[in-house]
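Chemist: Sequential numbering of the sequence shown, starting at 14, is according to our numbering. For each residue, glycine too, the CB sits at the ideal point set by N, CA and C.
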Amino acid sequence: MTALVICHFVLAACARPLVRRLGARAFVVLALPPAATTCWALAQWDTAASGASVTWSWTWIPAYDVSVGLRLDALAELMVLLAAGVGTLVLLYCASYFKDGTPQLAGFAGNLLAFAGAMLALVLSDDLITLYVFWELTTVFSYLLIGYDSEQRHSRRSALQALTVTTFGGLGMLVGFLIIGRAAGTYRISAILADPPATSLAVSVAVVLILCGALSKSAIWPFSLWLPNAMAAPTPVSAYLHAAAMVKAGVYLVARLAPGFADVPVWRPVVMILGAATMLLGGWRALRLNDLKLVLAYGTVSQLGFLTLLAGIGNRDAALAAAAMILAHALFKAPLFLVTGIVDHAAGTRDLRRLSGVGRSLPHVCAVAVIAAASMAALPPLLGFASKEAAFDALLHGDTADRWALGSTVAGSMLTVAYTVRFVWGAFWRKPGVADTPVHRVGWAFLAPPAVLAVCGLVLGPGVGWTDRLLSAYADAFPAHPYHLALWHGWGTALTLSVIATAGGAVLFAVRAPVVRFSRRIAWPTADSVFGHLLLGLERLSLQITGFVQRGSLSVYLATTLLVVLAGQLAVLGVDRPWRGAAAPRLWDVPLQGAVAVLTCAAALFCLTVRRRMKAVVLAGLTGYGTALLFVVQGGPDLALTQFCVETVSMIVFVLVLRRMPVHFQESVSTWRRTVRIPVALAAAATLSVVVWVAAAARTAEPAGAAMVEETAHHGLKDVVATILVDLRAWDTMGESAVLATAAIGVTSLIYLHRRAEGDPAPPKARPYTAWSVTRPPLAGLPRGDEGAPERGWLAAGATLAPEHRSIVFEVVARLLFHPILVLSVYLLFCAENMPGGGFVAGLVAGVALITRYLAGGRFELAEAAPLQPGLFTGLGLFLSTGVALLGLADGTVLHAWTHHGHLPLIGDYHFGTPVIFDCGVYLLVLGVVLDIVRALGAKVDRQIERAAAEKAAAGHAPGPDPETGGATP
Numbered sequence: 014m015t016a017l018v019i020c021h022f023v024l025a026a027c028a029r030p031l032v033r034r035l036g037a038r039a040f041v042v043l044a045l046p047p048a049a050t051t052c053w054a055l056a057q058w059d060t061a062a063s064g065a066s067v068t069w070s071w072t073w074i075p076a077y078d079v080s081v082g083l084r085l086d087a088l089a090e091l092m093v094l095l096a097a098g099v100g101t102l103v104l105l106y107c108a109s110y111f112k113d114g115t116p117q118l119a120g121f122a123g124n125l126l127a128f129a130g131a132m133l134a135l136v137l138s139d140d141l142i143t144l145y146v147f148w149e150l151t152t153v154f155s156y157l158l159i160g161y162d163s164e165q166r167h168s169r170r171s172a173l174q175a176l177t178v179t180t181f182g183g184l185g186m187l188v189g190f191l192i193i194g195r196a197a198g199t200y201r202i203s204a205i206l207a208d209p210p211a212t213s214l215a216v217s218v219a220v221v222l223i224l225c226g227a228l229s230k231s232a233i234w235p236f237s238l239w240l241p242n243a244m245a246a247p248t249p250v251s252a253y254l255h256a257a258a259m260v261k262a263g264v265y266l267v268a269r270l271a272p273g274f275a276d277v278p279v280w281r282p283v284v285m286i287l288g289a290a291t292m293l294l295g296g297w298r299a300l301r302l303n304d305l306k307l308v309l310a311y312g313t314v315s316q317l318g319f320l321t322l323l324a325g326i327g328n329r330d331a332a333l334a335a336a337a338m339i340l341a342h343a344l345f346k347a348p349l350f351l352v353t354g355i356v357d358h359a360a361g362t363r364d365l366r367r368l369s370g371v372g373r374s375l376p377h378v379c380a381v382a383v384i385a386a387a388s389m390a391a392l393p394p395l396l397g398f399a400s401k402e403a404a405f406d407a408l409l410h411g412d413t414a415d416r417w418a419l420g421s422t423v424a425g426s427m428l429t430v431a432y433t434v435r436f437v438w439g440a441f442w443r444k445p446g447v448a449d450t451p452v453h454r455v456g457w458a459f460l461a462p463p464a465v466l467a468v469c470g471l472v473l474g475p476g477v478g479w480t481d482r483l484l485s486a487y488a489d490a491f492p493a494h495p496y497h498l499a500l501w502h503g504w505g506t507a508l509t510l511s512v513i514a515t516a517g518g519a520v521l522f523a524v525r526a527p528v529v530r531f532s533r534r535i536a537w538p539t540a541d542s543v544f545g546h547l548l549l550g551l552e553r554l555s556l557q558i559t560g561f562v563q564r565g566s567l568s569v570y571l572a573t574t575l576l577v578v579l580a581g582q583l584a585v586l587g588v589d590r591p592w593r594g595a596a597a598p599r600l601w602d603v604p605l606q607g608a609v610a611v612l613t614c615a616a617a618l619f620c621l622t623v624r625r626r627m628k629a630v631v632l633a634g635l636t637g638y639g640t641a642l643l644f645v646v647q648g649g650p651d652l653a654l655t656q657f658c659v660e661t662v663s664m665i666v667f668v669l670v671l672r673r674m675p676v677h678f679q680e681s682v683s684t685w686r687r688t689v690r691i692p693v694a695l696a697a698a699a700t701l702s703v704v705v706w707v708a709a710a711a712r713t714a715e716p717a718g719a720a721m722v723e724e725t726a727h728h729g730l731k732d733v734v735a736t737i738l739v740d741l742r743a744w745d746t747m748g749e750s751a752v753l754a755t756a757a758i759g760v761t762s763l764i765y766l767h768r769r770a771e772g773d774p775a776p777p778k779a780r781p782y783t784a785w786s787v788t789r790p791p792l793a794g795l796p797r798g799d800e801g802a803p804e805r806g807w808l809a810a811g812a813t814l815a816p817e818h819r820s821i822v823f824e825v826v827a828r829l830l831f832h833p834i835l836v837l838s839v840y841l842l843f844c845a846e847n848m849p850g851g852g853f854v855a856g857l858v859a860g861v862a863l864i865t866r867y868l869a870g871g872r873f874e875l876a877e878a879a880p881l882q883p884g885l886f887t888g889l890g891l892f893l894s895t896g897v898a899l900l901g902l903a904d905g906t907v908l909h910a911w912t913h914h915g916h917l918p919l920i921g922d923y924h925f926g927t928p929v930i931f932d933c934g935v936y937l938l939v940l941g942v943v944l945d946i947v948r949a950l951g952a953k954v955d956r957q958i959e960r961a962a963a964e965k966a967a968a969g970h971a972p973g974p975d976p977e978t979g980g981a982t983p
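1) Can you say whether V9 is buried or exposed, counting buried as having 16 or more other CB atoms within 10 angstroms of its CB?
2) Would the segment 210-227 count as touching the segment 237-252 if we require 3 or more Cβ pairs under 8 Å?
3) Taking the CB atoms as reference points, tell me whether L43 and L104 lie closer together than 7 Å.
4) Report the three-state DSSP secondary structure of R195 (helix, strand or coil).
5) What residues in its chain sit with their C-beta under 7 Å from that of A596, if we drop five residues either side in the sequence?
6) Jot down the residue ranges of each uninterrupted beta strand (DSSP E) in the segment 690-725, minimum 3 residues, whole runs only, in chain order.
7) Any contact of the segment 358-375 with the segment 315-322, i.e. 3+ C-beta pairs under 8 Å?
8) Helix, strand or coil for R625, going by three-state DSSP, please let me know.
9) Specify the secondary structure class of S237 as computed by DSSP and reduced to three states.
10) Kindly indicate which three-state DSSP category H727 falls into: helix, strand or coil?
11) Note down, in chain order, each residue of its chain lying with its Cβ closer than 6 Å to the Cβ of D162, except the 5 sequence neighbours on either side.
12) In or out: N328 buried (at least 16 other Cβ within 10 Å) or exposed?
13) Name the two residues that bound the continuous alpha helix (DSSP H) containing I946.
14) With distance defined between alpha-carbon atoms, name the residue in V520, L135 and T180 nearest to Y156.
15) Closer than 8 Å is the cut-off here; do at least three beta carbon pairs connect the segment 68-77 with the segment 98-118?
16) Under a three-way DSSP split, which group does Y923 fall into?
17) For the pair the segment 274-282 and the segment 373-388, tell me if three or more CB-CB distances fall below 8 Å.
18) Taking the runs of the alpha helix (DSSP H) that are 4 residues or longer, which of them lie wholly in the segment 628-690?
19) Assign R201 to one of three DSSP states: helix, strand, or coil.
20) S566 lies in the alpha helix (DSSP H); which residues open and close that run?
21) Quick check: the Cα distance between L763 and A756, rounded to an integer number of angstroms?
22) Between which two residues does the beta strand (DSSP E) harbouring V67 extend?
23) My parser needs the alpha helix (DSSP H) runs of 4 or more residues fully inside the segment 131-187; what are they?
24) Exposed or buried, A56, counting other C-beta atoms within 10 Å across all chains shown (16 or more means buried)?
25) Might you give, ordered along the chain, the residues of its own chain that have their beta carbon closer than 6 Å to the beta carbon of F405, omitting 5 neighbours on each side?
26) Which residue or residues does DSSP assign as beta-bridge partners of H410?
27) Apart from the five residues just before and just after L419, which ones in its own chain have a Cβ nearer than 6 Å to its Cβ?
28) How far does the beta strand (DSSP E) with H916 in it extend, from its first residue to its last?
29) Checking the sheet assignment: what are the DSSP bridge partners for L10?
30) Of the residues R626, L340, L302 and S63, which one's Cα is nearest the Cα of R482?
31) On the criterion of 16 or more Cβ atoms from any shown chain inside 10 Å, does R570 qualify as buried, or is it exposed?
32) Pick from N847, V676, V954 and L551: whose alpha carbon is nearest that of L730?
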């Protein structure tokens with residue numbers, strides 16, 4: 014099973030080269046995985062029909078009992094045959110439907126095959142979390158397939174609408190899954206159904222949430238709006254996703270969970286009422302539409318309502334009828350969609366008002382359509398008739414609610430017959446006053462896929478008993494009832510109801526003109542227009558709220574955040590009063606802590622009094638250094654070292670930005686604003702201090718520190734903090750690394766409007782002066798040129814600097830300390846197992862070395878010091894960290910640590926572990942982030958200064974710099 018699922022995704026990834034080489038014929042190759050799956054499923058028929066199952070499981074998250082579990086039983090067997098069998102034929106159909114030069118064909122082909130793989134995994138999933146993952150994958154791939162023609166606004170809107178509706182339903186379903194898993198003590202579906210949790214309020218809420226996800230996926234009212242609009246997708250997508258696969262996922266979930274939860278009080282009312290309403294509303298709407306695909310789309314909505322009603326009733330006969338109807342629906346609706354694509358392809362239109370005489374021009378296509386349509390209308394001897402008979406019989410022998418549902422089903426069946434006849438008449442019949450539609454010939458390869466499906470529906474009508482053993486194996490999960498599938502059960506009430514439904518549908522078609530007029534007269538606003546108005550209203554409301562809240566003032570944003578936090582925390586503290594019984598806080602452990610804290614608070618208070626930005630940055634940096642000193646006093650050298658490095662890099666970044674900002678703060682703060690801000694700030698600080706004290710005093714469990722120290726010592730290590738970061742809590746470090754890389758990319762993307770300003774390695778002659786050489790008119794007594802002994806160049810790009818901007822002492826210090834700082838960073842990287850250090854701190858130290866070169870010599874000097882692009886460091890760091898994580902899978906667990914022990918001459922015994930490689934990845938990532946930010950904030954600002962100076966010099970307002978000396982020309 015696993016190999017078949019993986020093959021779908023692997024071959025989908027190869028779709029682009031296949032399409033580039035084979036064109037549309039690549040669909041034949043892409044049909045191999047679903048074809049192999051179909052053969053495998055047929056080979057497992059006897060196993061599933063006997064009530065046994067084929068299982069496979071891999072523990073994913075052991076602590077939460079989450080595993081990737083696959084299970085093939087009778088219901089899964091049915092769904093696998095439909096998803097894989099119909100998928101195979103649809104992919105073969107695509108080879109004739111598309112031309113070799115069709116735009117974006119490779120992406121479409123890959124997405125369609127990947128969707129088939131996700132659908133296959135969905136119906137095989139035996140774990141709620143696994144099912145949800147593949148559920149959402151089908152949502153994503155359906156979004157891509159519906160929006161295939163992305164240049165059309167309608168396609169983009171339809172894809173987004175389908176994504177929105179099904180995703181919101183899926184999120185609710187996830188919450189329901191979590192509640193059910195918690196109540197049952199397991200997420201294994203087979204175990205939950207074998208021993209369902211007792212009915213309670215939580216279980217009832219979970220059932221409603223799960224049904225929301227299932228009903229939204231299967232386009233049940235009020236979620237039915239997305240399916241008709243999804244007809245913007247190419248016809249193969251409609252035939253597969255909206256007839257045999259995606260929309261069946263909701264029905265499948267209802268059928269899968271019904272044996273365990275049909276007795277929950279909220280289950281049957283929701284399923285039966287909404288299912289019956291959907292069947293009637295969809296069929297009624299289909300009577301007045303003129304697009305063949307839309308007629309089938311609303312007919313599909315109607316049929317899905319019928320399927321949901323049957324699958325959710327919760328007795329054996331209804332479950333058996335639902336399974337038979339699922340099979341019949343796929344075998345008649347998919348070929349009808351495919352035939353519609355053939356008609357559109359041959360005639361150039363799907364408007365039934367313009368089509369005439371197509372049946373005479375395309376007799377074989379018409380024959381296939383008539384067979385499939387007869388099954389949809391439940392005419393004997395087709396499979397649709399046998400399954401509809403089973404449904405009528407099941408509802409006849411039910412309770413009062415079932416009989417009400419029977420009445421709705423008979424009425425819906427009348428509508429089904431009416432729009433089915435209207436479809437065949439509109440697509441193929443010759444209409445008075447309408448000229449015959451010219452069509453081109455249709456090849457057998459184009460017609461073969463729908464013909465195979467239609468013939469299957471014809472053969473399985475008399476042969477429905479062949480499927481009885483398999484479908485009964487699923488239905489036997491409910492209380493037994495002696496009903497078996499057969500084409501003929503004799504004269505009876507069910508047959509009479511079938512005759513009434515057929516006759517009623519024929520009458521509705523005969524009087525179609527007044528029916529259509531009446532339907533349009535009483536029509537409600539469409540769900541699509543309601544959805545559009547809701548989105549428009551939401552957009553307007555969001556604009557109003559945004560305009561009210563987002564006023565462009567950072568102080569207002571900060572005050573709003575603090576007030577919300579303050580209100581929430583005070584409410585919790587006032588209700589719970591958690592300080593009762595808590596130990597009184599100590600002011601300090603040693604007096605030195607108090608002294609450092611006072612100095613840190615004094616620096617923070619001085620920030621409120623300064624008017625110059627640079628002073629504010631320095632004072633804010635002092636608060637960070639004060640915090641680092643507190644870590645030192647408390648005995649946390651790793652934290653202190655990290656804080657020192659972060660604060661240093663942050664201050665340098667601030668200085669780089671301040672070059673393009675006014676010296677003084679421009680915002681004037683009135684007295685009343687200051688009066689409001691100070692109490693808010695003090696109250697927030699006091700509240701958070703109380704919260705921290707209460708949280709620390711509320712500990713009841715033993716601290717984990719002792720266990721971590723013991724575990725670290727067990728592996729021969731001494732630095733607990735570094736071991737936590739790269740081994741015990743490496744997942745957190747991986748997530749933080751990804752966030753850091755994303756933040757850096759976001760910051761630099763905002764700075765650059767067109768392209769990244771990578772350090773320019775061009776020699777000084779090509780770049781005669783930089784921002785560092787822009788100067789005022791020459792100063793008296795300043796040397797110009799070489800006036801004495803030869804001058805040694807301490808920097809690689811020193812010739813680009815103006816003499817008055819150069820500091821020989823700084824250049825010498827920068828050149829002498831650059832390599833020792835890099836060596837120090839490498840030392841901090843590799844000593845982290847036993848001493849303070851680590852990849853994060855080492856990367857910051859290496860970044861400080863590069864920043865020193867930039868401050869001494871400008872962007873050309875930085876380019877000489879680091880000629881490689883920052884993205885290379887960032888990407889290589891992520892690659893190393895992820896590679897180490899995946900390497901652990903060789904032992905069954907992600908991020909499993911491996912250690913190699915060896916002996917080297919002169920050095921002695923040594924050991925080398927994968928956490929060190931993981932830390933190297935962090936080192937490279939942090940170095941790349943720092944280098945990227947410095948190049949962005951430094952080089953970009955340099956370019957702006959150069960451009961401004963050049964424009965000023967060109968305008969004649971100031972002399973330009975001397976190209977050779979770097980000074981200004983007189």
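Modeler: Taking the definition as stated:
1) Outside the displayed range of the chain (14 to 983) lies residue 9, so it cannot be described from this structure.
2) Short answer: they don't touch.
3) Yes, the pair counts as a contact, with Cβ atoms nearer than the cut-off.
4) R195 falls in the helix class under three-state DSSP.
5) Same-chain partners within the cutoff: A710.
6) Within the segment 690-725, no complete beta strand (DSSP E) run reaches 3 residues.
7) No: fewer than three Cβ pairs fall under 8 Å.
8) Looking at R625 - three-state DSSP - the assignment turns out to be strand.
9) In the structure shown, S237 sits in coil (DSSP, three-state: anything other than H, G, I, E or B).
10) Look at H727 here: in three-state DSSP terms it is helix.
11) Within the same chain, Cβ atoms closer than 6 Å to the Cβ of D162 are found at S168, the five residues on either side in sequence being excluded.
12) N328 sits buried, since 16 or more C-beta atoms from the chains shown fall within 10 Å of its C-beta.
13) Counting along the chain, the unbroken alpha helix (DSSP H) around I946 starts and ends at T927 to V947.
14) Nearest C-alpha to Y156: T180.
15) Not touching, per the Cβ criterion.
16) Look at Y923 here: in three-state DSSP terms it is strand.
17) Taking a cut-off of 8 Å for Cβ pairs, the segment 274-282 and the segment 373-388 do not touch, as fewer than three such pairs fall below it.
18) As far as the segment 628-690 is concerned, its whole alpha helix (DSSP H) runs of at least 4 residues are 650-671.
19) DSSP places R201 in strand when its eight states are reduced to three.
20) Unbroken run through S566: none, as it is neither H nor E.
21) Whole-angstrom Cα-Cα distance: 11 Å.
22) Counting along the chain, the beta strand (DSSP E) containing V67 begins and ends at V67 to I74.
23) Counting whole runs of 4 or more residues, the segment 131-187 contains the alpha helix (DSSP H) stretches 141-159.
24) So A56 ends up on the exposed side.
25) A507 and L510, listed in sequence order.
26) Per DSSP, none; premise fails for H410.
27) Within its own chain, the residues whose Cβ lies closer than 6 Å to the Cβ of L419, once the five positions on either side in sequence are excluded, are L408, listed in chain order.
28) Element bounds for H916: T912 to L917.
29) Missing from the structure shown is residue 10; the chain here goes from 14 to 983 and no further.
30) Residue S63 holds the alpha-carbon nearest to the alpha-carbon of R482 among R626, L340, L302 and S63.
31) A small correction: the amino acid at residue 570 is Tyr; Arg does not occupy that position in the sequence shown. Flag for Y570 reads exposed.
32) When N847, V676, V954 and L551 are compared, the shortest CA-CA separation from L730 is found for N847.
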